[in-house]
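Quick note on numbering: my numbering labels position 85 of the sequence shown as 482, and the sequence is numbered without any gaps. Built from N, CA and C at the ideal position, the CB exists for glycine as well. Quantities reported herein were computed from a predicted structural model and do not represent experimental measurements. Structure first, commentary second.
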Amino acid sequence: MPYLVEGAVAAEVTAGNHERQLVGPVLGLEMAQIAALIGQGGRSERPTLVGVEGFGGAGKTVFARRLGQLLGSFHLVHLDDFLIRGVVSNEDKTDFDRGELARRVLEPARRGELTDYQTLTDSDGGPGRWVRVPAVRYLIVEGVSAYHPELRQYYHHRIWVDAPMETARERARQRDIRRGIYDRDLWDAWERSEISYKAKYVPHLTCDIVYDNAGEAADIRCGDE
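In structure tokens, the structure reads:
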């Protein structure tokens with residue numbers, strides 16, 4: 398059946414359709430359909446690169462992990478591992494070292510090379526741990542600004558996990574509270590930076606697929622992350 402795409406244009410998305418003529422992101426797909434769409438590209442010695450974005454609290458991490466499990470051979474990279482401690486979040490998300498992500502992960506993966514990377518810091522502020530990226534068919538990178546314009550060229554697929562800010566904010570706050578974090582000023586600053594980033598870089602429009610995770614019955618919650 399046809400699925401709606403941005404601009405009220407419809408496109409047929411089937412497992413055998415390798416030449417997708419799409420205008421804007423595909424909407425309305427279930428996770429299994431997204432996995433089928435990504436998995437139809439055939440085998441390669443180089444991994445298929447998938448970027449996953451969404452507001453904090455939208456459910457990106459769990460979505461990415463479950464998508465990877467459906468795809469089979471995958472490795473998940475968290476943009477939070479490239480967070481620069483002490484840098485205030487802003488509309489450009491310069492608190493993430495995207496250059497290091499490109500150098501240590503995306504560039505080698507695009508060349509089909511094995512690599513590893515060191516997280517910038519661990520939870521207590523000490524030296525980060527080393528993470529080995531294994532030989533996999535799918536490399537998934539999740540986090541706010543994962544497919545920022547500086548990185549967009551690397552990805553075969555870009556996915557926006559959609560949830561309204563009110564919903565994402567409440568999920569993120571509940572998650573933080575369970576972790577013993579209660580900082581209203583931090584939450585307010587975070588919300589402003591997320592909204593500004595989305596307005597400036599429109600990741601919900603520069604993606605290939607929008608996954609709806611907005612409803613009360615949504616399958617993926619921030620609390621699972």
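As assigned by DSSP and simplified to three states, the class of residue i
| i | result |
| --- | --- |
| ASP513 | strand |
| VAL459 | helix |
| PRO505 | helix |
| PHE479 | helix |
| TYR608 | strand |
| LEU602 | coil |
| ASP494 | coil |
| ILE578 | coil |
| ARG589 | helix |
Cβ-Cβ separation, residue j to residue i (assumed contact under 8 Å), whole Å
| i | j | result |
| --- | --- | --- |
| ARG463 | MET428 | 6 Å |
| CYS604 | ILE556 | 6 Å |
| VAL484 | VAL502 | That belief does not hold up - the Cβ atoms of VAL484 and VAL502 are roughly 20 Å apart, past 8 Å. |
Same chain, Cβ closer than 8 Å to residue i, neighbours up to 5 away in sequence not counted
| i | result |
| --- | --- |
| ALA499 | GLU547, LEU548 and TYR551 |
| ARG443 | ALA506, ARG507, ARG508 and GLY509 |
| THR445 | ILE435, GLY438, ARG534, TYR535, LEU536, HIS553 and HIS554 |
Sequence-distant residues of its chain with Cβ nearer than 7 Å to residue i (five each side left out)
| i | result |
| --- | --- |
| ASN487 | SER590 |
| PHE452 | ALA560, MET562, ALA565 and GLU591 |
| THR411 | For THR411, the predicted model reports a pLDDT of 36, less than 50, meaning its position is unreliable and no value from the coordinates is stated. |
Residues of its chain near residue i, where Cβ-Cβ distance is below 6 Å and the 5 sequence neighbours each way are ignored
| i | result |
| --- | --- |
| LEU476 | PHE493, GLY540 and ALA543 |
| TRP527 | ASP513 and GLN515 |
| SER593 | GLU488 |
| GLY448 | VAL538, ALA543, TYR544, TYR552 and ARG555 |
Beta-ladder partner(s) of residue i, from DSSP
| i | result |
| --- | --- |
| ILE537 | VAL447 and LEU473 |
| HIS554 | VAL447 |
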